[in-house]
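Taking it in order: structure first as structure tokens, then the write-up.
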Ligand code: RUQ
Ligand code: CUA
Ligand code: CA
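Numbering (my numbering), first residue to last: 3 to 611.
Here is the structure:
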């Protein structure tokens, strides 16, 4: 090295150093700026409301979770197939919610696919349906109260998996029997196995009819024009081993012609199994069309314009695009490894979850059909192994194209370690621009499968603030204890912060029914009643009446107390169930406090607040 070049080099050194340093700083600054802008996007100040409700199926929790989007704040769990003592749901054997659940099957469930009702291609905010895969049930939730309105078992199927509403009318919801059996359920002969798709009255959840075929039915989606509904089939082999289920190179998407099925029904072309009319697809040509797609497809999604149905390849790195009218395959673009589900932004783009690649891939549907290989627009990493993904309004005809949820199967190190078992992880992705951006991650209980997002404007004025007290409910000042032989009915009220009556006397062995009415007219004033050593816990929202029945145990004092912190006198809100030995005289309840000369609290609250 000459002296001259050495000097030149030496002179450049600090420059080079600075350049590298400033590059480093700018990268750091850029990351910080990005984090700050992401934080700003999801920041919803305390007291301000989120833009969307995200409704996530609770999987093995047997429930549905409600989160606010974009803040990702957890708002509510709606227990459906499992008791929740805190909410007084199905935890007391003598209660209505317990009886309804127990009559439909086991006291647990595995919820997979939340489905919202629609009117004219938009969410109307009225109903949410959800399936219990494990115990073949479907439930309907009333979105005025976010509580279960109906639960029904679906006969003849096993593994009630895919669930969708038949569009545009939503007169049926249909659910797929993923696990093959002979529908009658009496045979162990695998050659007799079939699968069924069950069509339920969307309101009563009665199974109206079923379509049966050889193979299986996994995920469900409805066309938009009242003709076909679609199901993916990964076991057209009708195999009973996992090797057997991947033998064929191609499986299928099944298209069921609903009007044709209804016609067959009217013409009596069915067999009744367990009282349900079952249409055997082989006997009614056209009722079920098999559309060959690469082996073992999974998700099945109809584009917002209703033109195409997209089957995600799972074992194949492709999505198959099928014309939803002609049922012809029009393209099979490659998207990445392990495509499971696809969702939409309403701008002609599809977003597919890639389980193996742990990515969401954004691609353009028209470009994929044109086949020039330029359909992939963007990819974003998610953490980790995404299953379902859903953009806001994606099952309607008018997706909003702003937010997308990635429902990830593994959270690995995303959250504080809490033992070998980790929470599930969801990520919120901004899809409003050309490039996707992951802006937040939030954990949940195991294990959300799918989600729907509904704008708060749809529900804001629809969700009720208090229950309307029915005329039959116990009124303040009209509380009473009614005896009839061995039965005692206690008509009780509660309001901040008192139960009336505060003393109930019964004989041991008597059957006691508590009818507890919360006479509050103020929103958010929930009370509860737990009875020590009796194992009862009810919760009553304002205006609601909860009931339960139990048998009085051995003589003694059993305190009941309010379980929801309701006022400064919450702890004093309690009373006694006095169980006396048979034959011992009882002090009859002589009426509410008012009649004893002490003023009863008024419906407006009693000043203790
Ligand atoms: S399944 S990860 Cu129950 Cu919806 Cu596809
Ligand atoms: Cu009522 Cu606490
Ligand atoms: Ca297969």
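No residue lacks a Cβ here, since even glycine has one placed at the ideal position from N, Cα and C.
From a predicted model like this one, the values you see are computed outputs, not experimental measurements.
| Item | Value |
| --- | --- |
| Residue of 449, 385, 308 and 431 minimising C-alpha distance to residue 415 | 385 |
| Contact the region 81 to 90 vs the region 539 to 547: 3+ CB pairs below 8 Å | yes |
| Same chain only: Cβ atoms within 7 Å of residue 160, ignoring 5 sequence neighbours per side | 138, 179, 181 and 183 |
| Residue range of the beta strand (DSSP E) that includes residue 236 | Counting along the chain, residue 236 falls outside any beta strand (DSSP E), and DSSP gives it neither H nor E. |
| Any chain C beta carbon closer than 7 Å to residue 133 | Absent here is chain C; the protein component of the structure consists of one chain. |
| Between the CA atoms of residue 532 and residue 578 - distance to the nearest angstrom | 11 Å |
| Any 3 or more C-beta pairs closer than 8 Å across the region 499 to 508 and the region 461 to 473 | no |
| Entirely enclosed beta strand (DSSP E) segments - the region 447 to 516, minimum 3 residues | 453 to 457, 482 to 486, 489 to 497, 500 to 502 and 505 to 509 |
| Length of the line joining the Cα atoms of residue 391 and residue 53 | 19 Å |
| Assigned secondary structure, residue 531 (DSSP; H/G/I helix, E/B strand, else coil) | strand |
| Run of the alpha helix (DSSP H) containing residue 208, from where it starts to where it stops | Neither: residue 208 is in no alpha helix (DSSP H) and is coded neither H nor E. |
| 3-residue-minimum beta strand (DSSP E) runs that sit fully inside the region 357 to 395, ordered along the chain | 361 to 366, 378 to 383 and 388 to 393 |
| Residues sharing a beta bridge with residue 105, DSSP | Partner(s): none; residue 105 has no beta bridge. |
| beta-carbon residue 251 near ligand 3 non-hydrogen atom, thresh 6 Å | no |
| Any non-hydrogen atom of ligand 1 closer than 6 Å to residue 342 Cβ | yes |
| Local conformation of residue 14 per DSSP, three classes | Note on residue 14: pLDDT 46, under 50, position unreliable in the model; no value is reported. |
| Residue 629 beta carbon near ligand 1 (any heavy atom closer than 6 Å) | Residue 629 is absent from the model: the chain starts at 3 and stops at 611. |
| Burial state of residue 196 (16 or more Cβ within 10 Å) | buried |
| Any non-hydrogen atom of ligand 1 within 6 Å of residue 134 CB | no |
| Spatially closest choice to residue 472 from 520, 98 and 425, by CA coordinates | 520 |
| Exposure of residue 511, with buried meaning 16 or more beta-carbon neighbours within 10 Å | exposed |
| Near ligand 1: residue 452 beta-carbon under 6 Å from a heavy atom | yes |
| 7 Å Cβ cutoff met for residue 453 and residue 407 | yes |
| Pairwise C-alpha distance: residue 325 and residue 395 | 22 Å |
| Cross-strand partners of residue 314 (DSSP beta bridge) | 321 |
| Proximal residues to residue 172 (C-beta, below 7 Å), its chain only, five neighbours per side dropped | 119, 120 and 204 |
| Exposure label - residue 117; buried when at least 16 CB within 10 Å | buried |
| Stretch-stretch touch, CB-based, cutoff 8 Å, three pairs: the region 229 to 245 with the region 267 to 280 | no |
| Supposed close pair residue 335, residue 377 - CB separation, criterion 8 Å | 5 Å |
| Which residues DSSP lists as bridging residue 135, in chain order | None; residue 135 has no bridge partner. |
| Residue of 371, 340 and 271 minimising C-alpha distance to residue 309 | 371 |
| Helix, strand or coil at residue 279 [DSSP, three-state] | strand |
| Given 8 Å, three or more beta-carbon pairs between the region 268 to 275 and the region 221 to 240 | no |
| Residue 350 and residue 368 closer than 7 Å at C-beta | yes |
| Separation of residue 515 from residue 97, as counted between CA atoms | 9 Å |
| Between the CA atoms of residue 316 and residue 217 - distance to the nearest angstrom | 18 Å |
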